[in-house]
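Student:
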Amino acid sequence: MTARDRTFFELLDENDELAGFREEFDLPDGLVFLNGNSLGAPPKSTWHRLSRVVRQEWRHDMNAAWWTHGWLDLPTAVGDRIGQLIGAAPGQVVVGESTSVNLFKLLCGALRVHAGSGRERQTILTDTNNFPSDLYIADGITQHVHPAARVRRVDIESIPDALDDDVAVVMLSHVDYRTGKILPMSEINKRAHAVGSLVLWDLSHSVGVVPLALDADDADLAVGCGYKYLNGGPGAPGYMYVSARLLPDMQQPITGWLGHADPFAFEADYRPAPGIGRLTTGCPPLLSLAALDEGISLTAKADPVLVRAKSSALTELFIELASERLTPYGADVLSPRAQAQRGGHVTLRHRAARGLIERLGTEGFMAELRVPNLLRIGLSPLFVRFVDVWDSVAALERILAGALEDTAGDQQ
Ligand SMILES: *Cc1c(COP(=O)(O)O)cnc(C)c1O
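In this text, residue positions in the sequence shown follow the numbering used here: the first is 259, and each later residue adds one.
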């Protein structure tokens, strides 16, 4: 690598077309926040929006606000705004419960789509290293809801070979929560469709940072998280995508009144709403939904091409510096070197990861431990600066070098 210094990174910040977005977030002074892929930062506008919803909409209109302020339609309205970020035409995305519960609904729906076609398929095929909650949800379905169904976990490389005519649905994370590796969505959809299987994508670590084109990639189903790169706030509800071609056959098991075709007719029996609203269940968490809407609106203002370019540059530079300056201390880069295969975070592996994260914290850098030995560095392009990359690698180098000296001292 050519010799670089902090000035080079300052220059990148000066020329960064997205630099202005940092001002839109309410970040504490002196903190280098490298954890936005786990819980995003609060947009300044969120506070104003919440205040407006409570002090004007709720206080003034009370129950009528469900209609007068469009609260009832907010899950689908915000869904359509997410649709714009993931390449989905309107009417295919809705905000629901947590990602885990949304996944439960869509997995059950996927098993049922096949049953409806008269060809029973019983396998949920997934990656052994998928996000644990996703694996737990799938297992829970086979234990509590569909005893005939089974979950088959294989290594990600073996997914294509494991596709057979018993696979109802392949459940995968688009970007791996540990390594940050991106899977080829279009290619996997094609291979699964060739044997008649559906694919359900978890977009939690992709949306807002990695380009997505669900309609163009012929996707079937997807879920995703609202509180990571979308900055929707702690516990923000997640969303569900159902392709328009599947929607008429898609039903879900938590059949509550707001997913009914006519909720306010209070009919004795359930009839699913005709559109994507059939995926919903009860009253939406309005305050959280309003906060999510603010996070999404902010993300939507950024040119996705610039977002991806900056994100790629941040991860590239972090990997370059880490390889040069941290590898000698036993830290290796777990994330893909190939830019096209890499999402928005970089993961380092070091045997003393826990201690490193703690020391980083005391020096004003917030990153995340993934037990036992992984350091996850989230480089959210809307508020992380290029100098943050330089400074965080420099801090890690200092800590690692100091730790060696300490050990040497102990031995004397
Ligand atoms: C963060 C994350 C979730 C979030 O699940 P919740 O149920 O909303 O807490 C789900 N899946 C993946 C892959 C995630 O990274």
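Yeah, the Cβ is synthetic: ideal placement off N, Cα and C, and Gly gets one too.
Please state whether the Cβ-Cβ distance between F279 and F641 is less than 8 Å.
Tutor: As a first step, residue 279 is located in the sequence shown; it is residue number 21 there, counting from the start. As a first step, residue 641 is located in the sequence shown; it is residue number 383 there, counting from the start. Yes. Within cutoff.
Student: So the beta strand (DSSP E) R607 belongs to, where does it begin and stop?
Tutor: Here residue 607 is taken as the residue at index 349 of the sequence shown, counted from 1. Unbroken beta strand (DSSP E) run through R607: H603 to R607.
Student: Which residues bound the alpha helix (DSSP H) around E445?
Tutor: Position 187 of the sequence shown holds residue 445. It spans M443 to A452 - the alpha helix (DSSP H) in which E445 sits, taken as one unbroken run.
Student: Got a sec: does ligand 1 put a non-hydrogen atom nearer than 7 Å to the Cβ of F389?
Tutor: For the purposes of this step, residue 389 is identified with residue 131 of the sequence shown, where counting begins at 1. Yes, since a heavy atom of ligand 1 falls inside the 7 Å radius drawn around the Cβ of F389.
Student: Going by DSSP in three states, M429 sits in which element: helix, strand or coil?
Tutor: Residue mapping note: residue 429 aligns to position 171 of the sequence shown, counting from 1. If DSSP states are grouped into helix, strand and coil, M429 belongs with the strands.
Student: Roughly how many angstroms lie between the CA atoms of M624 and W515, to the nearest whole one?
Tutor: Within the sequence shown, the letter at position 366 stands for residue 624. Within the sequence shown, the letter at position 257 stands for residue 515. One C-alpha to the other measures close to 42 Å.
Student: Can you tell me which of A659, H608, R583 and S309 puts its alpha carbon nearest to the alpha carbon of L592?
Tutor: For this step, residue 592 is matched to residue 334 along the sequence shown. Selected option, being the one with the closest Cα: H608.
Student: Kindly indicate the opening and closing residues of the alpha helix (DSSP H) around L627.
Tutor: For this step, residue 627 is matched to residue 369 along the sequence shown. No alpha helix (DSSP H) contains L627, which is instead part of the beta strand (DSSP E) from E626 to R628.
Student: Please identify the residue among E574, A652, L633 and D551 whose C-alpha is closest to the C-alpha of R339.
Tutor: The residue you call residue 339 lines up with position 81 of the sequence shown. R339 has its Cα closest to that of D551, out of E574, A652, L633 and D551.
Student: Any heavy atom of ligand 1 closer than 7 Å to the CB of S356?
Tutor: Stepping through the sequence shown from its first residue, residue 356 is reached at position 98. True, at least one ligand heavy atom lies under 7 Å from that Cβ.
Student: Between P348 and V433, what straight-line distance do the alpha-carbon atoms span, to the nearest angstrom?
Tutor: As a first step, residue 348 must be located in the sequence shown, where it is residue number 90. As a first step, residue 433 must be located in the sequence shown, where it is residue number 175. So the two alpha carbons sit approximately 24 Å from each other.
Student: Excluding the 5 residues flanking R436 on each side, which residues of the same chain have their C-beta closer than 8 Å to its C-beta?
Tutor: Here residue 436 refers to the residue found at position 178 of the sequence shown. Beyond the five residues adjoining it in sequence on each side, R436 comes within less than 8 Å, by CB distance, of N387, L592, T605, R628, L632 and R634 in the same chain, given in chain order.
Student: Is there contact here, the region 324 to 334 with the region 450 to 464, by at least three beta-carbon pairs under 8 Å?
Tutor: Taking 8 Å as the limit for Cβ pairs, the verdict is that the region 450 to 464 does not touch the region 324 to 334.
Student: Determine whether the beta carbon atoms of A396 and L421 lie at a separation below 8 Å.
Tutor: Residue 396 sits at position 138 when you count from the first residue of the sequence shown. Residue 421 sits at position 163 when you count from the first residue of the sequence shown. No, the Cβ-Cβ distance between A396 and L421 is not below 8 Å.
Student: Just to confirm, is the Cβ distance from A549 to G490 under 8 Å?
Tutor: Counted from its first residue, the sequence shown places residue 549 at position 291. Counted from its first residue, the sequence shown places residue 490 at position 232. It is a contact, given that the beta carbons lie within the stated cut-off.
Student: Can you check which of these residues, R377, L441, S638 and V371, is closest to T384 by C-alpha distance?
Tutor: Walking along the sequence shown from the start, residue 384 turns up at place 126. Cα-wise, what sits closest to T384 is L441.
Student: Return yes when at least one heavy atom of ligand 1 lies under 7 Å from the C-beta of S462, else no.
Tutor: In the sequence shown, residue 462 corresponds to position 204, counting from 1. True, at least one ligand heavy atom lies under 7 Å from that Cβ.
Student: Skipping 5 residues on each side, what residues in its chain have a beta carbon closer than 7 Å to that of G622?
Tutor: By 1-based counting over the sequence shown, the position of residue 622 is 364. Only G288, L289 and V290 meet the Cβ criterion.
Student: Less than 7 Å between the CB of G496 and some heavy atom of ligand 1, yes or no?
Tutor: Here residue 496 refers to the residue found at position 238 when the sequence shown is read from its first residue. In terms of side-chain proximity, the C-beta atom of G496 is found nearer than 7 Å to a non-hydrogen atom of ligand 1.
Student: Out of A610, Q599 and D646, which one is the CA nearest neighbour of A661?
Tutor: On the sequence shown, residue 661 is found 403 positions in, with the first residue counted as 1. Here the closest residue by C-alpha is A610.
Student: At which residues does the beta strand (DSSP E) containing D460 begin and terminate?
Tutor: Numbered from 1 along the sequence shown, position 202 holds the residue referred to as residue 460. Residues L456 to D460.
Student: Of all the options M320, I657, G540 and W459, which has the alpha carbon lying nearest to the alpha carbon of V428?
Tutor: In the sequence shown, counting from the first residue as 1, residue 428 sits at position 170. Selected option, being the one with the closest Cα: W459.
Student: Can you list, in chain order, the residues of its chain with a C-beta nearer than 8 Å to that of C541? Leave out the 5 residues immediately preceding and following it.
Tutor: Within the sequence shown, the letter at position 283 stands for residue 541. Cβ within range, chain order: L516.
Student: Mapping the DSSP letters down to three states, classify D473 as helix, strand or coil.
Tutor: Here residue 473 refers to the residue found at position 215 when the sequence shown is read from its first residue. Three-state result, D473: coil.
Student: Is C483 near ligand 3, with its Cβ less than 7 Å from a heavy atom?
Tutor: The model on display carries ligand 1 but not ligand 3.
Student: Counting Cβ pairs closer than 8 Å, one from the region 561 to 575 and one from the region 404 to 420, do we hit at least three?
Tutor: no
Student: Whose C-beta lies closer than 7 Å to the C-beta of Q597 among residues of the same chain, with five residues either side of it excluded?
Tutor: The sequence position of residue 597 within the sequence shown is 339, counting from 1. Close CB contacts of Q597 within its chain, under the 7 Å cut and outside five residues either way in sequence, are with S570 and E574 (chain order).
Student: I need the boundaries of the alpha helix (DSSP H) containing T381, first residue and last residue.
Tutor: As a first step, residue 381 must be located in the sequence shown, where it is residue number 123. No alpha helix (DSSP H) contains T381, which is instead part of the beta strand (DSSP E) from T381 to D385.
Student: Flag K486 as yes when its Cβ comes closer than 7 Å to any non-hydrogen atom of ligand 1, and as no otherwise.
Tutor: Sequence index remark: in the sequence shown, residue 486 carries index 228 (1-based). True, at least one ligand heavy atom lies under 7 Å from that Cβ.
Student: Considering only heavy atoms of ligand 1, does any lie closer than 7 Å to the CB of D478?
Tutor: Reading the sequence shown from its first residue, position 220 is the one you call residue 478. Answer for D478: no, Cβ out of range of ligand 1.
Student: Quick one: what's F623 bridged to in DSSP?
Tutor: Here the question's residue 623 lines up with position 365 in the sequence shown. In DSSP, F623 forms a bridge with V290.
Student: Rounded to whole angstroms, what is the Cα-Cα separation between D561 and G354?
Tutor: Your numbering for residue 561 matches position 303 in the sequence shown. Your numbering for residue 354 matches position 96 in the sequence shown. Spanning the two alpha carbons is a distance of roughly 26 Å.
Student: With 16 other CB atoms within 10 Å as the buried threshold, where does P284 fall?
Tutor: Along the sequence shown, read from residue 1 onward, the residue named residue 284 stands at position 26. Here the sequence assigns Asp to residue 284, which means Pro is not the residue at that position. That one is exposed.
Student: Spatial neighbours of R656 within its chain, please: CB distance less than 7 Å, with the 5 preceding and 5 following residues excluded, ordered by chain position.
Tutor: Translated into the one-based positions of the sequence shown, residue 656 becomes position 398. Taken in chain order, the list of residues that qualify is empty.
Student: To the nearest whole angstrom, what separates the beta carbons of L472 and G345, a pair I think is in contact under 8 Å?
Tutor: Translated into positions along the sequence shown, residue 472 becomes position 214. Translated into positions along the sequence shown, residue 345 becomes position 87. Yes, L472 and G345 are in contact; Cβ-Cβ is about 5 Å, under 8 Å.
Student: Measuring CA to CA, which of V352, G533, P511 and S546 is closest to H254?
Tutor: Residue 254 lies beyond the residue range present for the chain, which begins at 259 and ends at 670; the question has no answer from this structure.
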